[in-house]
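Residue 1486 is where the sequence shown starts when you use this note's numbering, and the numbers rise one by one after that.
Note that beta-carbon positions come from the ideal geometry of N, C-alpha and C, so glycine has one too.
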Amino acid sequence: MPYIEEAELDEMWSFVQSKQHERWLWHAIDHQTGQILAYVLADHKDSAFIELKAQLAPFGITTFYTY
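Shown next as structure tokens:
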């Protein structure tokens, strides 16, 4: 896998059939090309970010910031 200098991580959510079925899409894209690097469909919990972080490890992404 290529080394990625910067990636953008974001999350989007929606309901599936009812408000009791909330789903989140966590995704990462290459800041330079816009290419999707990884994504996770999961609940809004820390475990989803941990899974996304593991998928990004082969790209050399090790530092994350929040705003």
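* To do: Please look up how many angstroms separate the CB atoms of A1513 and E1493, rounded, as I've assumed it's under 8 Å.
  => 7 Å
* Determine which residues share a DSSP beta bridge with L1537 and list them. => Partner(s): none; L1537 has no beta bridge.
* Asked: With 16 other CB atoms within 10 Å as the buried threshold, where does I1521 fall?
  -> exposed
* **Endpoints, beta strand (DSSP E) assigned at I1521** => I1521 to A1527
* Which one of P1543, A1539, E1536 and S1503 has the shortest CA to CA distance from P1487? -> P1543
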